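What follows is a set of notes on a single structure, which appears directly below.
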Amino acid sequence: MPEMFAPTNTEELADRVRARADARLPFRVAGTADDAETIPPDAPADTLVMSGLAAVVDYPSDDMTITVEAGMTIAALQDTLKAGHQQLPLDIGWPETTTVGDLVAGDLHGPRRYGYGTARDYVIGIQAVDGRGRVFHSGGRVVKNVAGYDICRLVIGSRGTLCVLTQLTFKLKPSPAAGSALIVPLADPAQLSNALSTINTSASRPVVVQYLCPRTVSQCPEAVAPSSASASFGVLLVAVEGLPQSVEWQCSVLLDEFRATGLSASSATEISDPEELWARITRLQSASLDEIGILATVRPTTVPAFIEAARKLNLRVSALAGSGVVCGAGDAKAPGIAELRSLAASMDGHLVLRDPQRRVTADVPRCSYSPKVQSLRERVRDAFDPDHILNPHEWI
Amino acid sequence: MTPQFLQRLQSILDAHKILSTDDELLVYECDGYVVEKKSPDVVVFPESTGQIVAIVKACREFRIPFVPRGAGTSLAGGCLPVGGGVMIALTRMKKILELNTADRYAVVEPGLVNVHLTKALKGTGFHYAPDPSSQGACTIGGNVATNSGGPHTLKYGVTVNHVLGVEFVSPDGELIQLGGPAGSDPGFDLTGLFVGNEGTFGVVTKVWVRLTRDPAGCRTMLGVFETVDEATSAISRIIAAGIVPAALEMMDKGIIGALEQAYQFGFPLDAEAVLLIEVDGLEAAIDSEAEQIVALCDQSGAREVRRAQSEAERLLLWKCRKQAFGAIGRLSPSYCTQDGVVPRTQLPTILRSIREIGKRYDIEIVNVFHAGDGNIHPILLFDERDAEQVSRVMKASDEILEKCIDLGGSVSGEHGIGVEKISFMNRLFTDNDIAVMESVRTAFNADGLCSPGKMLPTAGACGMEHIERDKPSRRAAV
Chain A
38 MPEMFAPTNT EELADRVRAR ADARLPFRVA GTADDAETIP PDAPADTLVM
88 SGLAAVVDYP SDDMTITVEA GMTIAALQDT LKAGHQQLPL DIGWPETTTV
138 GDLVAGDLHG PRRYGYGTAR DYVIGIQAVD GRGRVFHSGG RVVKNVAGYD
188 ICRLVIGSRG TLCVLTQLTF KLKPSPAAGS ALIVPLADPA QLSNALSTIN
238 TSASRPVVVQ YLCPRTVSQC PEAVAPSSAS ASFGVLLVAV EGLPQSVEWQ
288 CSVLLDEFRA TGLSASSATE ISDPEELWAR ITRLQSASLD EIGILATVRP
338 TTVPAFIEAA RKLNLRVSAL AGSGVVCGAG DAKAPGIAEL RSLAASMDGH
388 LVLRDPQRRV TADVPRCSYS PKVQSLRERV RDAFDPDHIL NPHEWI
Chain B
15 MTPQFLQRLQ SILDAHKILS TDDELLVYEC DGYVVEKKSP DVVVFPESTG
65 QIVAIVKACR EFRIPFVPRG AGTSLAGGCL PVGGGVMIAL TRMKKILELN
115 TADRYAVVEP GLVNVHLTKA LKGTGFHYAP DPSSQGACTI GGNVATNSGG
165 PHTLKYGVTV NHVLGVEFVS PDGELIQLGG PAGSDPGFDL TGLFVGNEGT
215 FGVVTKVWVR LTRDPAGCRT MLGVFETVDE ATSAISRIIA AGIVPAALEM
265 MDKGIIGALE QAYQFGFPLD AEAVLLIEVD GLEAAIDSEA EQIVALCDQS
315 GAREVRRAQS EAERLLLWKC RKQAFGAIGR LSPSYCTQDG VVPRTQLPTI
365 LRSIREIGKR YDIEIVNVFH AGDGNIHPIL LFDERDAEQV SRVMKASDEI
415 LEKCIDLGGS VSGEHGIGVE KISFMNRLFT DNDIAVMESV RTAFNADGLC
465 SPGKMLPTAG ACGMEHIERD KPSRRAAV
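The listed protein sequences derive, respectively, from chains A and B. Residues 38 to 433 (this note's numbering) make up the first sequence, in order. Residues 15 to 492 (this note's numbering) make up the second sequence, in order.
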């Protein structure tokens, strides 16, 4: 009978992990009870649920940092930060059911990566339990800290294979006073290249440079869908944030700059609820549980060519184009995915395959590393979890 | 250091790239942390990655410790060759291999001087953001080793926020690349871990760094305050108002006098503290931010807030700040600086503590530091020829760092642990924390030959216990 356990404090969690380490019993980590319900095919049946560790530990808003338990949902975090007019600008598609621990372990982020960065730019301290059941810390609660190895950053993207995160400290940003978005309809990849080049040297400083293919556009909120004009290759959504006068000026400048290069951008639309908009875009670019998903990171100038190749596989494609991140979802087959991976490598990047139902991973690995890097990864993993009891199904 | 090993080095490098006589080695007996000295047995100057691979493999074969060194500007003994051995000086590997502004990255060799990268980018609309005060001398490889900061980290982040990838020679002689132009590899962030390893994970041979757009404009101000408390109050108000200045630096009366003598900027000699505040960004926004900052300074009791009226004046102001340590020679023959960090809201408390500690130990302490980050640099003035003064300075330094820990901070914001602060690691971290870090170090550096005796309270891996420091810092001085 699968076991589900939901500790309510770190010591209890550590005790449970230690007991399982002693017995060499693997388990998976789920952020919320909802996550716990959906068990990937090759995951251990026993589940540690983090919902019992969901409190704010410390929020000195004048220091612009916050420490929370890892089971806190993103929605709860956002509500807490709104009161202080602050934000953790990492856009999450499902904030009600995604935890802070999920965010860091999954290195989750969305459209505002271009302007605000990723978890590496915000995590400044962790408390966690390793695969031996040892509670350990790294970093702290100050925004500059180089004491000891940067294990705070190591665990980003670790998908629960190194440790169970129990507390996280983030540095925060002030919430912007205003935001607006422009839409640039795209007829072909060359227009996308043109737009990206324009933005790269623009007098403005966008925070979002988001590509959406036609299939994704059709699912967008009316506010960001083009009313007319040719968009056979999709659209580029460009957003700016800041003081109202700065937002207005930047939109005006961008319109002029796009027009000067022959691109017809729409007039700016005010973003009344940025968190909801970016969450929606993030959801749109995520693969469902029935789909194959790809997440490629390539050099930004190669994004148009990569998008074209991905669309040829009949994938629904979107991209954090300014950051070189391309997401695809659909019913791709192994040979096509392998070709895309080779293409990403030729663009100095990489491709991660998301295949929840394990339909193609027998033929195409989820990710590919050089032998030396893989060897190093394994040594690092063994340093934390020598018996491989933590989320073994997530290990690549 | 056997003749066979030296012959091996001579087979890898030309003779003029190997230093081995006592007088040649004297230059390398310490870095910016002059309290502790230890000469390496030999210094080598490779010019290629292949040479570094061969050197490291030779060290491994002959079981000789080795330590990489950039410009030697470490203030914590990061380059100290504990146990002797081979010092691998990277200053001859200083090329910019690629500048790609379209994809916003550069590829550089580790010995490239930090400011030379930004100078090479002049006119492109981009720059390299991390700007340590030593940027005119420190190297990118050294910046990676210590996760260097600088005055503009408040807005732009530290080195780890700008490193996309590294290539390095591991301690077992393998050439490994982590990340690259498109950023870190998927999965856990080994590149992020590597930054700040203080040379204990291997020898960097190449770095992919992120390039940042030049700000469209900036406004630079000098807030003048009658008391330190008023200055720190202004800092708190600015941060609490949601303004993120590009830089927010504080200098107190003690250092202001020396700076004025050195640079004749026009600093007010009777002010207890000044704040150097810079906002940058779009012209449509920065005047509004600057006005808000002036108002907040006024609310905190500022005597006045001066604005730099020209680029020349702005550059002189920054020259004063960045070369402040160079002016200390006017105040005392020796100095010791600390690198503690506290939460920003604890700045008034730590500065009062520093004043009290200085009085109690009868040591003059001046302050110039990154106030916006809470990263303090108290400068303790003394004469190292007087052993009794040295003893008091060491005790006062320790108390300041202990206080930083008590206030929820850390003992190093940007200089690193090196050898200087090893004794604080058990105070800052639990046994489990240290054990985890040791395991991680072993994953990279199983033999412990690479930079032994650094950062962690143990010398290195099994078999390295014989490596002891000749002069364990403050314990020898006390």
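Glycine included, every Cβ here is placed at the ideal spot set by N, Cα and C. Nothing here was measured: the structure is a model prediction, and the numbers come from that model.
Any non-hydrogen atom of the ligand SAM within 7 Å of residue i CB
i	result
E376 (chain A)	In the structure on display, the ligand SAM does not appear, and there are no ligands present to speak of.
From the options, residue whose alpha carbon lies closest to that of residue i
i	options	result
D294 (chain B)	B:L310, B:S302, B:R233	B:R233
V218 (chain B)	B:P185, B:E305, B:P229	B:P185
I329 (chain A)	A:L321, A:K349, A:P393	A:P393
T16 (chain B)	B:L415, B:F76, B:A326	B:F76
G64 (chain B)	B:I78, B:V158, B:I26	B:I26
A276 (chain A)	A:V221, A:A369, A:G130	A:V221
T241 (chain B)	B:E38, B:A285, B:G216, B:M235	B:A285
V57 (chain B)	B:I66, B:V49, B:L192	B:I66
P54 (chain B)	B:E61, B:P362, B:D36	B:D36
M101 (chain A)	A:L380, A:P311, A:T117	A:T117
T138 (chain B)	A:N237, A:P337, A:T203	A:N237
S34 (chain A)	A:Q115, A:P423, A:P44	Since the displayed chain A opens at 38 and closes at 433, residue 34 (chain A) lies outside it and no answer follows.
L274 (chain A)	A:T306, A:G162, A:G299	A:T306
G430 (chain B)	B:K468, B:G271, B:A260	B:K468
Length of the line joining the Cα atoms of residue i and residue j
i	j	result
V100 (chain B)	I190 (chain B)	21 Å
T155 (chain A)	K373 (chain B)	45 Å
Y248 (chain A)	S412 (chain A)	36 Å
C476 (chain B)	G462 (chain B)	Per-residue confidence for C476 (chain B) stands at a pLDDT of 44, beneath the threshold of 50, marking its modelled position as unreliable; the derived number appears in the next sentence. Near 8 Å, if we compare the C-alpha coordinates of G462 (chain B) and C476 (chain B).
V290 (chain A)	Y153 (chain A)	21 Å
I423 (chain B)	K417 (chain B)	For clarity, residue 423 (chain B) is Gly in the given sequence; the question names Ile instead. Their Cα atoms are separated by approximately 9 Å.
S265 (chain A)	C250 (chain A)	Any answer about S265 (chain A) is weak, because its pLDDT of 48 lies below 50 and its placement is not dependable; what the coordinates show is given next. If I take the Cα positions, the gap works out to 15 Å.
P341 (chain A)	N440 (chain B)	51 Å
I433 (chain A)	F64 (chain A)	16 Å
I193 (chain A)	S405 (chain A)	18 Å
R366 (chain B)	R106 (chain B)	45 Å
F239 (chain B)	F383 (chain B)	16 Å
A56 (chain A)	L50 (chain A)	10 Å
N46 (chain A)	G108 (chain A)	11 Å
A490 (chain B)	H122 (chain A)	Since pLDDT at A490 (chain B) reaches only 28, below the 50 mark, its modelled position is unreliable, and no value is offered.
K52 (chain B)	G98 (chain B)	7 Å
Y119 (chain B)	L131 (chain B)	11 Å
R443 (chain A)	D167 (chain A)	Only positions 38 to 433 of chain A appear in the structure, and residue 443 (chain A) is not among them; the question remains open.
F443 (chain B)	I414 (chain B)	17 Å
R335 (chain B)	G164 (chain B)	11 Å
Inter-residue CB distance, residue i and residue j (contact presumed, cutoff 8 Å)
i	j	result
L296 (chain B)	S283 (chain A)	5 Å
D266 (chain B)	A248 (chain B)	Not a contact, Cβ separation roughly 14 Å.
I393 (chain B)	I379 (chain B)	7 Å
V177 (chain B)	V221 (chain B)	6 Å
T226 (chain B)	A143 (chain B)	4 Å
S195 (chain A)	G185 (chain A)	18 Å between Cβ atoms; not a contact.
Start and end residues, beta strand (DSSP E) containing residue i
i	result
C152 (chain B)	Run containing C152 (chain B): none; DSSP gives neither H nor E here.
S207 (chain A)	According to the sequence provided, residue 207 (chain A) is Phe. The question's Ser does not apply to it. Residues 200-208.
N381 (chain B)	379-383
L111 (chain B)	110-114
Residue range of the unbroken alpha helix (DSSP H) whose run includes residue i
i	result
G329 (chain A)	Before going further, note that residue 329 (chain A) is Ile rather than Gly in the sequence given. It is not in any alpha helix (DSSP H) - I329 (chain A) instead sits in the beta strand (DSSP E) that spans 329-334.
M101 (chain B)	Per DSSP, M101 (chain B) belongs to no alpha helix (DSSP H); it is in the beta strand (DSSP E), 100-103.
F295 (chain A)	281-297
Y375 (chain B)	Note, Y375 (chain B): premise wrong, no alpha helix (DSSP H); not H, not E.
E106 (chain A)	Careful: E106 (chain A) lies outside any alpha helix (DSSP H), inside the beta strand (DSSP E) at 102-106.
W315 (chain A)	311-321
Discussion item. Please list, in chain order, the residues of the segment 157-175 of chain A that have any C-beta partner in chain B closer than 8 Å.
Written reply: Under the 8 Å Cβ criterion, the segment 157-175 of chain A contributes R157, D158, D167, R171, V172, F173, H174, S175.
Discussion item. Along the segment 427-440 of chain B, where does the CB come closer than 9 Å to a CB of chain A? Name the residues.
Written reply: Legend: CB atoms of the segment 427-440 of chain B lying less than 9 Å from CB atoms of chain A belong to residues G427, E428, H429, G430, I431, K435, F438, M439.
Discussion item. Tell me which residues of the segment 262-279 of chain B have at least one Cβ-Cβ distance to chain A shorter than 9 Å, keeping chain order.
Written reply: If the cut-off is 9 Å between Cβ atoms, the segment 262-279 of chain B has nothing near chain A.
Worksheet item: Which of the residues in the segment 191-206 of chain B, read from start to end, lie with their CB under 9 Å from any CB of chain A?
Response: The residues in question are Q191, L192, G194, P195, A196, G197, S198, D199, P200, G201, F202, D203, L204, T205, G206.
Discussion item. Residues of the segment 319-349 of chain A in Cβ contact with chain B at a cutoff of 7 Å, in chain order, please.
Written reply: Under the 7 Å Cβ criterion, the segment 319-349 of chain A contributes T334, V335, R336, P337, T338.
Discussion item. Any C-beta of chain A within less than 7 Å: which residues of the segment 152-185 of chain B qualify?
Written reply: Cβ contacts with chain A come from T160, N161, G163, T167, G171, V172, V174, N175.
Item to complete: Pull out every residue of the segment 444-460 of chain B whose Cβ sits closer than 8 Å to any Cβ of chain A, in chain order.
Response: Those would be T444, N446, D447, A449, V450, M451, S453, V454, R455, T456, A457, F458, in chain order.
Worksheet item: Which of the residues in the segment 352-368 of chain B, read from start to end, lie with their CB under 8 Å from any CB of chain A?
Response: Answer in chain order: V355, V356, P357, R358, T359.
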